[in-house]
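If you want my numbering, it's the position in the sequence shown, counting the first as 1, plus 179.
Okay, so here's the structure we're looking at.
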Amino acid sequence: MINSNLFVFFLLSLFLSKICTCLYVTDGSSIILENIGTKYKLFSTDMKWGTGSGNQLVTAVTTNKNEDDLLWTVSL
């Protein structure tokens, strides 16, 4: 089992957050994680993997839409 903090660090090291109008990202901020080179964004959706798994599906997508499933909340 992967440590969740290590997993988050890995994701953040691969994808850079695109911050246009905000100077600071703080606890509770909602951000979109986008790879600047490929323009892929991390997309999350609920997926039924069985009872009690608590997992969700995370994929990289190319889209110009700002959907709620593209938002990630920073939790420190």
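Glycine included, every Cβ here is placed at the ideal spot set by N, Cα and C.
Owing to the predicted nature of the structure, the values given are computational and were not obtained by experimental measurement.
When the Cα of residue i is compared with those of the options, which residue comes out closest?
{"i": "residue 241", "options": "204, 205, 218", "result": "218"}
{"i": "residue 221", "options": "248, 239, 235, 234", "result": "239"}
{"i": "residue 247", "options": "236, 234, 224", "result": "224"}
Does the separation of the CB atoms of residue i and residue j fall below 9 Å?
{"i": "residue 215", "j": "residue 253", "result": "no"}
{"i": "residue 212", "j": "residue 226", "result": "no"}
Could you check what DSSP says for residue i in three-state terms: helix, strand or coil?
{"i": "residue 225", "result": "strand"}
{"i": "residue 249", "result": "helix"}
{"i": "residue 218", "result": "coil"}
{"i": "residue 209", "result": "strand"}
{"i": "residue 180", "result": "At residue 180, the pLDDT of 46 sits below 50, so the modelled position is not reliable; the number obtained from the coordinates is stated separately. DSSP places residue 180 in coil when its eight states are reduced to three."}
Starting from residue i, trace the beta strand (DSSP E) in both directions and tell me its first and last residue.
{"i": "residue 238", "result": "235 to 240"}
Flag residue i as yes if its beta-carbon sits less than 9 Å from any beta-carbon of chain B, otherwise no.
{"i": "residue 224", "result": "Among the chains of the structure shown, chain B does not appear; only one protein chain is present."}
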